[in-house]
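Number of protein chains: 2
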Amino acid sequence: MTLNPNNIFAENEERQLLALFELIGKKRTIEAADIIVLEGQKVDFFWIVLSGCFRAFRWFQNEEVTVGFSFKGDFDTSPFAYIHGTPTKECIEALQDSEILVVRKNEFEKYFLRNPIVSTLTEKLLSNYIEILTYRSIESKILTAEQRYLKLLQRQPKEASLIPLKYMASYLGISKERLSRIRKKIS
Amino acid sequence: MTLNPNNIFAENEERQLLALFELIGKKRTIEAADIIVLEGQKVDFFWIVLSGCFRAFRWFQNEEVTVGFSFKGDFDTSPFAYIHGTPTKECIEALQDSEILVVRKNEFEKYFLRNPIVSTLTEKLLSNYIEILTYRSIESKILTAEQRYLKLLQRQPKEASLIPLKYMASYLGISKERLSRIRKKIS
DNA sequence: ATACCAATTTGACCTAAGTCAATTCAACTT
DNA sequence: AAGTTGAATTGACTTAGGTCAAATTGGTAT
Numbered sequence: 001m002t003l004n005p006n007n008i009f010a011e012n013e014e015r016q017l018l019a020l021f022e023l024i025g026k027k028r029t030i031e032a033a034d035i036i037v038l039e040g041q042k043v044d045f046f047w048i049v050l051s052g053c054f055r056a057f058r059w060f061q062n063e064e065v066t067v068g069f070s071f072k073g074d075f076d077t078s079p080f081a082y083i084h085g086t087p088t089k090e091c092i093e094a095l096q097d098s099e100i101l102v103v104r105k106n107e108f109e110k111y112f113l114r115n116p117i118v119s120t121l122t123e124k125l126l127s128n129y130i131e132i133l134t135y136r137s138i139e140s141k142i143l144t145a146e147q148r149y150l151k152l153l154q155r156q157p158k159e160a161s162l163i164p165l166k167y168m169a170s171y172l173g174i175s176k177e178r179l180s181r182i183r184k185k186i187s
Numbered sequence: 188m189t190l191n192p193n194n195i196f197a198e199n200e201e202r203q204l205l206a207l208f209e210l211i212g213k214k215r216t217i218e219a220a221d222i223i224v225l226e227g228q229k230v231d232f233f234w235i236v237l238s239g240c241f242r243a244f245r246w247f248q249n250e251e252v253t254v255g256f257s258f259k260g261d262f263d264t265s266p267f268a269y270i271h272g273t274p275t276k277e278c279i280e281a282l283q284d285s286e287i288l289v290v291r292k293n294e295f296e297k298y299f300l301r302n303p304i305v306s307t308l309t310e311k312l313l314s315n316y317i318e319i320l321t322y323r324s325i326e327s328k329i330l331t332a333e334q335r336y337l338k339l340l341q342r343q344p345k346e347a348s349l350i351p352l353k354y355m356a357s358y359l360g361i362s363k364e365r366l367s368r369i370r371k372k373i374s
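Chains as they are written, first to last, in the working numbering: chain A, 1 to 187; chain B, 188 to 374.
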């Protein structure tokens with residue numbers, strides 16, 4: 001999961017949340033290529049990206065498939081493993097030197113009863129991510145690879161420029177050769 | 188969202204939940220082709236499918252795209268609208284005469300504090316659905332249409348047989364002609 | 001600077017899947 | 001039972017995108 005809470009919280013709510021997480025979270029520095037979540041491990045924390053970027057990927061039939069990226073301001077974790085307490089099926093690695101704010105699940109849950117924003121945060125983030133995945137799935141059914149890439153560039157031009165071509169291609173579900181040609185065509 | 192809680196709850200937990208929902212939910216009969224969730228409306232309830240089946244779809248660029256089905260035993264709702272209280276972007280219709288158990292959100296939430304299974308239910312269902320969507324997205328990137336259709340047949344042979352070809356094709360992200368040919372080939 | 005390795009690009013060719021139009025099939029209606 | 005209508009099938013053709021191999025570029029360790 002990787003999403004920016006901008007869309008779903010009012011500004012004052014977001015400030016309140018950030019203040020809490022700065023209190024109970026721990027700032028950490030991650031070097032490029034470091035793995036922050038490893039397939040098979042439990043994930044009892046989430047994090048907020050302060051700088052840099054991350055890539056989540058899974059293995060499917062001996063292929064590495066990129067399932068998402070996260071950037072400055074995004075909340076990130078491996079959602080099923082986080083909620084269920086089971087080993088995760090994905091790896092998440094830093095693509096650049098990054099700074100994050102790590103929040104432990106049990107620390108976070110202490111604030112459930114006290115704060116109505118906190119108590120509904122998880123459900124809101126999860127359902128928002130479902131909305132994003134649903135929309136992506138529709139786009140992958142209807143749009144061509146080129147159209148999907150153009151949409152991505154429109155939505156996150158700065159962020160997209162941080163991603164190496166091969167990972168972007170895998171995320172879009174196309175070959176690296178195709179993405180290279182799409183780039184050439186639209187440039 | 189449409190999912191069967193079998194995978195994520197122990198039997199006794201599931202029995203407990205069902206008992207609660209039979210208490211606070213209302214049984215309703217839905218006729219084939221009835222719309223149970225209409226795009227633009229609020230969705231302050233979820234339901235459990237007792238019999239029959241449902242199809243969720245959205246409009247994208249003047250095309251109707253099928254985003255999911257639900258069958259006997261599944262929990263179903265429009266998750267973002269349910270959690271955020273905003274108008275939904277999808278329609279959900281019955282594909283057959285069906286029976287469901289409707290549970291209102293505010294009724295359900297009364298049991299949050301009393302019962303630990305209830306209080307974590309929403310998060311578990313949401314994150315499980317995220318897992319399913321993630322997996323589907325990977326499969327749509329790596330597998331051919333035929334392979335995806337075969338997997339679907341393996342997983343839900345009975346349920347798949349209930350779905351008209353054109354909706355199944357839309358769900359798989361292929362043309363109806365292609366699915367027709369795939370069926371012919373593998374029969 | 002040189003050498004090395006990985007990332008990207010390019011070319012040639014192939015295949016899965018789409019499109020369009022015509023036909024058949026199935027389910028209702030009157 | 002015949003007529004109507006939408007669903008599914010089939011045929012002919014087109015196209016987006018994949019694959020494989022070779023060439024180029026770019027970054028980095030020596």
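Glycine included, each C-beta is placed from N, C-alpha and C at the ideal position.
Computed from a predicted model, the values in this text were never measured in an experiment.
| Asked | Found |
| --- | --- |
| Whole-number beta carbon distance between A/T88 and A/S98, since they are thought to touch under 8 Å | Wrong, their Cβ atoms sit about 19 Å apart, outside the cutoff. |
| Beta carbon proximity, B/Y316 to chain A, threshold 8 Å | yes |
| A/I30 beta carbon less than 8 Å from that of A/L95 | no |
| Residue environment, A/G25, which counts as buried when at least 16 other CB atoms sit within 10 Å | buried |
| Meets three-Cβ-pair contact criterion under 8 Å: the stretch 242 to 257 of chain B and the stretch 294 to 313 of chain B | no |
| Contact with chain B by A/L133, beta-carbon distance below 8 Å | yes |
| Beta-carbon spacing of A/Y149, A/T66 below 8 Å | no |
| For B/R161, the three-state DSSP class (helix, strand or coil) | Residue coverage of chain B in this structure runs from 188 to 374, which leaves residue 161 of chain B outside it and unanswerable. |
| Nearest neighbour of B/W234, chosen from B/Q203, B/F299, B/E280, B/D261 [CA to CA] | B/D261 |
| Per-residue burial, B/I222 [other beta carbons within 10 Å of its own, 16 or more giving buried] | exposed |
| Coil, strand or helix - A/K27 by DSSP | strand |
| Reference A/T86; option with closest CA among A/L18, A/D44, A/I186 | A/D44 |
| Under 8 Å (Cβ pairs) to chain A, residues found in the stretch 316 to 350 of chain B | Y316, I317, E318, L320, T321, R323, S324, I325, E326, S327, K328, I329 |
| Neighbour list for B/V254 in chain A, Cβ cutoff strictly below 8 Å | T134, S137, I138 |
| For A/V102 and B/C240, the rounded distance between their alpha carbons | 42 Å |
| Beta-carbon separation (whole angstroms), A/A56 vs A/I100, contact threshold 8 Å | Their Cβ separation, rounded to whole angstroms, is 14 Å, which puts A/A56 and A/I100 out of contact at 8 Å. |
| Neighbouring residues, chain B, relative to A/E14 (Cβ below 9 Å) | By Cβ distance, chain B contributes nothing, its closest Cβ being about 15 Å from A/E14, past 9 Å. |
| Where A/T122 meets chain B, residues with beta-carbon distance less than 7 Å | E310 |
| Cβ neighbour criterion (16 or more within 10 Å) applied to B/N315 | buried |
| Beta-carbon proximity of A/T134 to B/L320, cut-off 8 Å | yes |
| 7 Å Cβ cut-off: residues of chain B touching A/F60 | I325, I329 |
| Interface flag, A/G73 vs chain B, CB-CB below 8 Å | no |
| Limits of the unbroken beta strand (DSSP E) element including B/T253 | 250 to 257 |
| Limits of the unbroken beta strand (DSSP E) element including B/L300 | Here B/L300 belongs to no beta strand (DSSP E), and DSSP marks it neither H nor E. |
| Continuous beta strand (DSSP E) assignments of at least 3 residues falling wholly in the stretch 223 to 284 of chain B | 232 to 238, 241 to 247, 250 to 257, 278 to 281 |
| Euclidean distance between Cα positions of A/P157 and B/P344 | 43 Å |
| Supposed close pair B/L204, B/I317 - CB separation, criterion 8 Å | Incorrect: roughly 20 Å between the Cβ atoms, too far for contact. |
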